[in-house]
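Reviewing the structure listed below.
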Amino acid sequence: MAFVIGEPCVDVKDMTCIEECPVDCIYEGERMLYIHPSECIDCAACEPVCPVEAIKPAQHVDDRWRPFQESAKSAFDVLGSPGGSTKVDRPIEDTEYVKNFEKN
20 MAFVIGEPCV
30 DVKDMTCIEE
40 CPVDCIYEGE
50 RMLYIHPSEC
60 IDCAACEPVC
70 PVEAIKPAQH
80 VDDRWRPFQE
90 SAKSAFDVLG
100 SPGGSTKVDR
110 PIEDTEYVKN
120 FEKN
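For reference, each letter of the sequence shown is one residue, going 20 to 123 in our numbering.
This is how it looks when you write it as structure tokens:
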């Protein structure tokens with residue numbers, strides 16, 4: 020997993036990152052966006068365009084963001100790797116962590 024979308028995206032979903040992604044690996048959930056861990060090519064095009072700074076390199080994820088990293092991995096356990104978000108119905112189902120997440 021190269022990049023992680025975290026808490027600032029919950030209930031915001033700006034979508035600018037989706038437009039910038041050259042491989043279509045950012046999927047829309049009901050409350051937030053998810054980067055597919057095996058489809059991302061680590062190009063970093065998404066990170067600088069996020070207006071709420073919700074995208075971080077996976078190696079810079081701290082304890083506060085780690086649940087979002089694990090959540091993104093589990094979001095694709097059932098969905099698998101469809102080869103791009105345009106190949107699935109939107110939105111995908113949020114993980115239990117995101118469904119139950121309460122912003123401070």
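Heads up, the beta-carbon is just placed ideally off N, CA and C, and yes, glycines get one too.
request  = Determine the burial state of Ser93: buried for a count of at least 16 other Cβ atoms within 10 Å of its Cβ, exposed for fewer.
outcome  = Mapped onto the sequence shown, residue 93 falls at position 74. Flag for Ser93 reads exposed.
ask   = For Lys92, which three-state DSSP category applies?
value = Along the sequence shown, one-based indexing puts residue 92 at 73. Residue state, collapsed to three classes: helix.
Exposure label - Glu115; buried when at least 16 CB within 10 Å = Your numbering for residue 115 matches position 96 in the sequence shown. Glu115 comes out exposed.
query = Between the Cα of Arg50 and the Cα atoms of Asp30, Pro41, Lys122, which residue gives the shortest distance?
reply = The residue you call residue 50 lines up with position 31 of the sequence shown. Closest option to Arg50, Cα to Cα, is Asp30.
request  = Buried or exposed for Glu38, please, with buried defined as at least 16 other CB atoms from any protein chain shown within 10 angstroms of its CB.
outcome  = Numbered from its first residue, the sequence shown carries residue 38 at position 19. Glu38 should be labelled exposed.
request  = Could you say which of Gln88, Ala77, Val117, Glu47 lies nearest to Ile111 if we only look at CA atoms?
outcome  = Taking the first residue of the sequence shown as 1, we reach residue 111 at position 92. It is Glu47 whose Cα lies nearest to the Cα of Ile111.
task = Give the DSSP bridge partners of Leu98, in chain order.
result = Position 79 of the sequence shown, counting from 1, holds the residue named residue 98. BP columns for Leu98 are empty, so no partner.
inquiry  = Taking the beta carbon of Val97 as the centre, do at least 16 other beta carbons fall within 10 Å, making it buried, or is it exposed?
reply    = The residue you call residue 97 lines up with position 78 of the sequence shown. Exposed.
Sequence-distant residues of the same chain with beta carbon closer than 7 angstroms to Asp61, five excluded per side = Within the sequence shown, the letter at position 42 stands for residue 61. Excluding residues within five positions, the ones whose Cβ falls inside 7 angstroms are Ala21.
inquiry  = Considering Cα atoms alone, identify which of Ser57, Pro56, Glu72, Glu58 is closest to Met34.
reply    = The residue given as residue 34 occupies position 15 in the sequence shown. Ranking Ser57, Pro56, Glu72, Glu58 by Cα distance to Met34 puts Glu72 first.
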